[in-house]
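Structure record follows, encoded as structure tokens.
Number of protein chains: 2
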Amino acid sequence: MPLVVQKYGGSSLADAESIKRVARRIVDTRKAGNQVCVVVSAMGDTTDELLDLADAVSPAPPERELDMLLTAGERMSMALVSMAIANLGDSARSFTGSQAGVITDDAHGKARIIDVTPGRITDALAKGHIVIVAGFQGVSQNTKEITTLGRGGSDTTAVALAAALNADVCEIYTDVDGIFTADPRIVPTAHKVDRISNEEMQEMAASGAKVLMLRCVEYARRFNLPIHVRSSFSYREGTWVYPAVEGEDDVEAPIIAGVAHDPSEAKITVVGVKDTPGSAAAIFNLISQQQVNIDMIVQNVSAVATGKTDVSFTLPKTDGQRAVQALQDAKDALGFESLQYDDQIGKLSLIGSGMRSHPGVSATFFQALADAGINIEMITTSEIRVSVVTRGDLLDDAVRAVHTAFGLDSSDGEAVVYGGTGR
Amino acid sequence: MPLVVQKYGGSSLADAESIKRVARRIVDTRKAGNQVCVVVSAMGDTTDELLDLADAVSPAPPERELDMLLTAGERMSMALVSMAIANLGDSARSFTGSQAGVITDDAHGKARIIDVTPGRITDALAKGHIVIVAGFQGVSQNTKEITTLGRGGSDTTAVALAAALNADVCEIYTDVDGIFTADPRIVPTAHKVDRISNEEMQEMAASGAKVLMLRCVEYARRFNLPIHVRSSFSYREGTWVYPAVEGEDDVEAPIIAGVAHDPSEAKITVVGVKDTPGSAAAIFNLISQQQVNIDMIVQNVSAVATGKTDVSFTLPKTDGQRAVQALQDAKDALGFESLQYDDQIGKLSLIGSGMRSHPGVSATFFQALADAGINIEMITTSEIRVSVVTRGDLLDDAVRAVHTAFGLDSSDGEAVVYGGTGR
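Protein chains in written order, with UniProt numbering: chain A, 1 to 423; chain B, 1 to 423.
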């Protein structure tokens with residue numbers, strides 16, 4: 001019997017009516033002849049309400065206790081979904097992350113799954129039950145403490161369980177119809193992609209696309225697991241994120257998978273760094289000690305006459321002030337002249353595995369931006385991605401120009417439903 | 001170092017401010033030189049809200065899933081109390097019932113504690129942490145499922161942990177000042193009892209006193225554990241429920257501990273039962289098959305001429321219709337003439353271990369009721385208790401008359417705070 005893992009996000013479980021709708025869908029999947037294991041997030045705004053409560057008793061709550069608190073959210077939704085399934089005459093068993101065998105490291109609030117031992121799940125499935133698992137949570141291997149997985153954690157739970165159970169597919173239900181060629185709120189002509197390679201999806205997620213989190217995509221890629229991203233509000237097919245086949249390009253795939261954008265980054269330029277070995281290393285060691293994730297890095301050509309160079313990098317805006325302060329405090333040790341901080345930037349990325357075999361993609365990309373009068377401030381590339389930094393207030397125009405230049409605009413007038421960023 | 005187990009009920013944890021107040025109290029107890037293990041109920045109305053949610057998705061939810069849902073309530077409060085303690089600069093670790101080693105049978109919704117293996121608690125206490133445990137919940141020995149203990153479950157958790165940890169005292173914090181000689185809402189002159197024997201408390205709880213649940217008192221009695229019932233809203237001493245010392249009466253104890261009343265019962269009279277061996281057994285076997293708990297039983301003197309007798313018993317009003325229906329269905333088999341059902345009754349009990357050595361208590365009791373013009377419909381007695389059934393609308397008058405007759409009315413004008421029934 002095929003085994004389907006489904007994941008429902010908080011927006012699909014907002015209230016009792018939504019829960020009953022999801023239960024109906026799960027029972028339909030079971031009746032269609034599948035074993036079904038479902039991962040649920042907390043209902044609607046539950047997590048935010050719990051965070052408000054925590055904030056009311058302590059401005060900086062211990063992470064262990066915060067995880068204990070937040071995991072109550074998924075516990076509630078999994079029990080309610082199980083009850084709603086029972087009410088439809090089918091039988092369901094709910095399991096916490098710990099009961100489901102989701103073993104993590106001990107980094108509270110951002111734990112990583114290191115093993116899955118789903119003995120209780122396979123037992124319950126074998127007995128004919130539908131299984132409901134709390135997403136976003138696990139138990140730490142060494143300390144046996146309850147942990148949470150951080151943003152996108154329920155998607156990661158679903159993919160990890162699907163891999164451990166050797167499932168046929170992992171369905172991620174959300175409030176949008178699938179993966180789009182661009183964010184439809186910015187590009188009204190964007191259209192849903194029927195299929196996208198795992199590799200492309202990974203670049204999309206890393207470049208700002210919100211529907212699937214990067215960690216979940218990485219996990220699916222590692223285990224060669226197909227993901228079906230679809231809406232819980234319709235029965236239409238969504239987007240299949242399919243595993244790459246070794247040494248074999250997908251000849252039917254379009255050259256370009258989509259355009260991603262990210263307005264959440266800032267840029268720091270370290271001006272007048274000594275152009276000697278170790279200068280860049282010293283800067284980025286300092287930044288990494290601040291637990292700041294750097295994205296793009298550009299070092300300008302050295303001006304031979306001065307023996308000095310400028311180093312620019314992008315980072316999350318939320319980490320900006322911390323990084324600037326750390327650099328400023330180390331100015332003498334690092335020996336630079338000045339710092340520039342700019343949080344009015346936007347990042348635009350073009351993703352497509354077809355780039356590998358189609359030269360000229362970058363040229364078309366840059367020409368489209370030039371024709372739209374948009375200046376490029378930084379460029380980085382990977383094998384299947386080109387990313388640029390522009391002025392922030394021109395980012396939306398840039399996304400539309402590139403989307404059109406690569407012929408991605410939808411011509412069939414398909415109604416696009418886009419209700420949020422998903423989680 | 002002394003070890004104190006404290007239990008805080010939902011009314012003491014109604015909101016963030018209450019939680020901070022409770023945290024302060026816990027930290028004060030720790031600073032006074034005690035190890036502290038705290039059992040918490042769910043916040044305020046959380047349990048009712050969760051039950052409403054369950055009802056909205058399923059009119060008859062599976063008990064396993066209902067337990068999974070309800071246990072989220074204590075999980076939230078324990079994490080929040082821990083955070084509030086951390087915010088005061090002390091360190092706390094919260095544990096679910098399962099983590100705390102509360103092992104139960106597998107009767108979901110009304111599980112009984114069969115063992116406590118508090119290894120993680122003793123470890124945490126040894127490391128200098130304050131320990132917070134979710135009340136009302138455990139894990140079943142055979143099935144490893146999450147269970148709840150039913151009404152008064154958090155008190156029972158506290159007493160069971162106190163026994164397992166060999167604690168010096170178990171403090172039950174509630175919204176009243178302690179155990180009163182009668183319910184102060186009915187008898188304004190009722191006063192707080194400073195101490196009461198475990199045996200008396202057991203009779204009080206069984207007779208309708210709500211502050212401590214019967215199961216919790218039974219547990220404490222079995223383990224010779226002193227309980228201190230007190231208010232979380234003041235620092236006054238409450239009532240000490242002390243273990244009996246074998247073969248030794250407490251000469252300082254008052255003759256009468258208090259007057260308990262219970263308006264929640266109904267009376268069934270089975271009229272014209274054949275006065276032969278086995279008739280009563282057949283009736284009560286039938287009732288027990290309905291999972292109905294019988295309280296008082298009276299069989300009238302057999303009328304020799306007819307060879308028939310009447311059997312009366314009391315039971316919870318909520319079970320009344322079910323019991324009547326079962327008896328009616330078995331009328332032919334049981335061979336009685338008719339049934340009388342009366343839910344307009346009240347039960348009044350006088351409790352005091354001094355009765356054992358002071359004859360005349362019953363006479364004074366009956367005389368007080370006679371003087372107040374109150375008819376007695378049923379009587380039962382134990383070694384330290386006399387209970388009667390009266391008309392329901394006379395119950396409050398009866399309580400006051402008896403309270404006065406035994407000199408229990410407070411003369412010192414002590415302000416009595418009574419905010420609820422406790423849980």
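The beta-carbon is built from N, C-alpha and C at its ideal position, and this holds for glycine as well.
Judged by DSSP in its simplified three-state form, A/V81 adopts helix.
Of the candidates B/D123, B/A190, B/E377 and B/F223, B/A190 places its Cα closest to the Cα of B/G178. Around A/I376, the same chain offers F366, L369, V388, V389 and T390 as residues with beta carbons nearer than 8 Å, after the five sequence neighbours per side are excluded. For A/N87, the C-beta contacts it makes with chain B under 9 Å involve V57, S58, P59, A60 and P61, in order along the chain. In the DSSP assignment, A/E237 is bridged to no other residue. In terms of beta-carbon proximity, A/L69 lines the interface with chain B, with at least one pair separated by less than 7 Å.
The three-state reading of DSSP puts A/R112 in coil, since its state is none of H, G, I, E or B.
Taken through DSSP and simplified to helix, strand or coil, A/I384 comes out as coil. The shortest CA-to-CA distance from B/C37 to any of B/Q321, B/T364, B/A167 and B/I114 is the one to B/A167. Identification of residues in the region 31 to 58 of chain B having a C-beta nearer than 8 Å to some C-beta of chain A yields L50, L53, A54, A56, V57 and S58, given in sequence order. By the Cβ test, the region 159 to 166 of chain B is in contact with the region 218 to 225 of chain B, since at least three Cβ pairs between them sit closer than 8 Å. Under DSSP, A/Q340 shares a beta bridge with A/T269. Out of A/V176, A/N142, A/A280 and A/R75, the CA that lies nearest to the CA of A/G97 is found in A/R75. Here A/S288 is exposed, its C-beta having fewer than 16 other C-beta atoms within 10 Å. Within chain A, the C-beta atoms nearer than 8 Å to that of B/I19 come from V57, in chain order.
For A/L80, the closest Cβ of chain B is nearer than 7 Å. If you look at B/G346, you'll find it in the beta strand (DSSP E) that goes I345 to I351.
Annotation: the continuous alpha helix (DSSP H) that includes B/H403 extends over L395 to A405. Rounded to whole angstroms, the gap between the alpha carbons of A/D123 and B/G128 is 40 Å.
Those residues of the region 94 to 128 of chain B placed with their C-beta closer than 7 Å to a C-beta in chain A are S94, ordered along the chain.
Taking the Cα positions, A/T104 is about 5 Å away from A/R112. The DSSP-derived three-state label of B/M76 is helix. Straight through space, the alpha carbons of B/A42 and B/A158 are spaced by roughly 14 Å.
Near chain B, meaning a CB-to-CB distance below 7 Å, no residue of the region 228 to 245 of chain A qualifies.
Closer than 7 Å to the CB of A/A16 there is at least one CB belonging to chain B.
At a Cβ-Cβ threshold of 7 Å, B/S154 and B/F136 count as neighbours. The C-beta distance from B/A266 to B/S197 rounds to 31 Å, too long to meet the 8 Å contact threshold. Secondary structure of A/K331 (DSSP, three-state): helix. With 16 or more other CB atoms across the displayed protein chains lying within 10 angstroms of its CB, B/E145 is buried.
Under the three-state reduction of DSSP output, B/G354 falls in the helix class. For B/Q202, the enclosing alpha helix (DSSP H) covers residues N198 to A206.
Ranked by how close their Cα comes to the Cα of B/G33, the residues B/E17, B/S264, B/V4 and B/T364 have B/V4 in first place. Here B/M378 is bridged, per DSSP, to B/V389. With respect to B/A257, B/G346 sits apart: the two C-beta atoms are not nearer than 7 Å. Taking the C-beta atoms as reference points, B/V57 is found no nearer than 7 Å to A/A86.
Within the same chain, T174, V176, I179, V229 and G422 come within 7 Å of B/V211 by CB-CB distance, once the 5 residues on both sides are set aside.
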